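Engineer: Quick note on the numbering used here: the sequence shown kicks off at 4 and runs consecutively. Beta carbons are placed, not taken as given, at the ideal position from N, Cα and C, and that holds for glycine. Quick caveat, the model's predicted, so the values are computed rather than measured.
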Amino acid sequence: MPFLKTQRHWITKRLAALHNAPAFLAGRTIPVEGIPHLIVHQPAARSGVWIEAQQIFVSGTEEFIGRRVRDFLRNHARTVLGQELRAQAQATGLRPTRLDIRDTSSRWGSCSSSGRIMLSWRLIMAPASVRHYLIAHELAHLRHMNHGPAFWALVDQLTPHRHTAERWLKHHGSALLGAR
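1) How far does the alpha helix (DSSP H) with Q93 in it reach, from first residue to last?
2) I'd like the ranges of any alpha helix (DSSP H) spanning at least 4 consecutive residues and lying wholly in the region 107–177.
3) Below 6 Å CB to CB, which residues in the same chain sit around S132 once its five sequence neighbours on both sides are set aside?
4) Secondary structure at G37, three-state DSSP: helix, strand or coil?
5) Once you ignore the five residues that flank G118 on each side, which residues in its own chain have a CB closer than 8 Å to its CB?
6) Using only CA atoms, which one of F154, P34, W124, H40 lies nearest to H175?
7) For the beta strand (DSSP E) containing F27, name the first residue and the last one.
8) Under 8 Å: do the region 120–127 and the region 79–87 share three or more Cβ pairs, one atom per stretch?
9) Let's test the definition: count the other Cβ atoms within 10 Å of the Cβ of T162 and tell me whether it reaches 16, buried, or not, exposed.
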């Protein structure tokens with residue numbers, strides 16, 4: 004019980020984030036690239052999942068809506084985050100060896116000593132400025148494999164809006180990481 008008392012604030016915050024996490028259900032609204040999209044079930048349609056006019060249309064049976072939306076967002080993340088990473092890598096001269104899109108629920112990304120960058124597919128729900136910051140953060144690790152002053156100076160050079168993105172993540176990040 005001492006753990007519960009000492010960690011009460013953290014536990015309360017995590018439970019609130021889970022409660023506010025986007026649910027991939029028909030009739031719910033979830034962000035895609037920072038823009039709210041309504042999930043619409045189209046059981047008779049044969050096209051899988053598609054986006055049109057800020058709506059996510061999902062075909063098939065209702066029990067698979069969550070999985071279909073998740074798979075769609077993961078593939079969308081692979082495309083969009085890949086393009087954004089390549090653009091920033093070219094602009095900065097910081098070249099990763101590989102990009103992996105993963106299903107993480109506790110971190111947005113990482114960079115290995117071999118130059119491999121991993122990003123969470125859930126990042127596709129965040130606005131472009133937040134994605135830009137997180138990609139720049141991981142690219143900066145290609146030069147500095149720590150969070151020392153030189154690392155943060157490079158991040159600030161790559162993303163002058165870092166503090167705004169960090170504030171957005173502080174307020175919204177836990178909910179997106181808990182999306183199901």
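Structural biologist: In terms of the structure at hand:
1) In the sequence shown, counting from the first residue as 1, residue 93 sits at position 90. 68–95 is the extent of the alpha helix (DSSP H) around Q93.
2) 131–143, 152–161
3) For the purposes of this step, residue 132 is taken as residue 129 along the sequence shown, with counting starting at 1. Once the five neighbours on either side are set aside, the close Cβ partners of S132 are H164, A168.
4) Numbered from its first residue, the sequence shown carries residue 37 at position 34. In the structure shown, G37 sits in coil (DSSP, three-state: anything other than H, G, I, E or B).
5) Counted from its first residue, the sequence shown places residue 118 at position 115. Contacts found: R98, P99, T100, R101, L145.
6) Numbered from its first residue, the sequence shown carries residue 175 at position 172. Per the Cα distances, P34.
7) Taking the sequence shown and counting its residues from 1, the one referred to as residue 27 is at position 24. Counting along the chain, F27 falls outside any beta strand (DSSP E), and DSSP gives it neither H nor E.
8) yes
9) On the sequence shown, residue 162 is found 159 positions in, with the first residue counted as 1. Classification for T162: buried.
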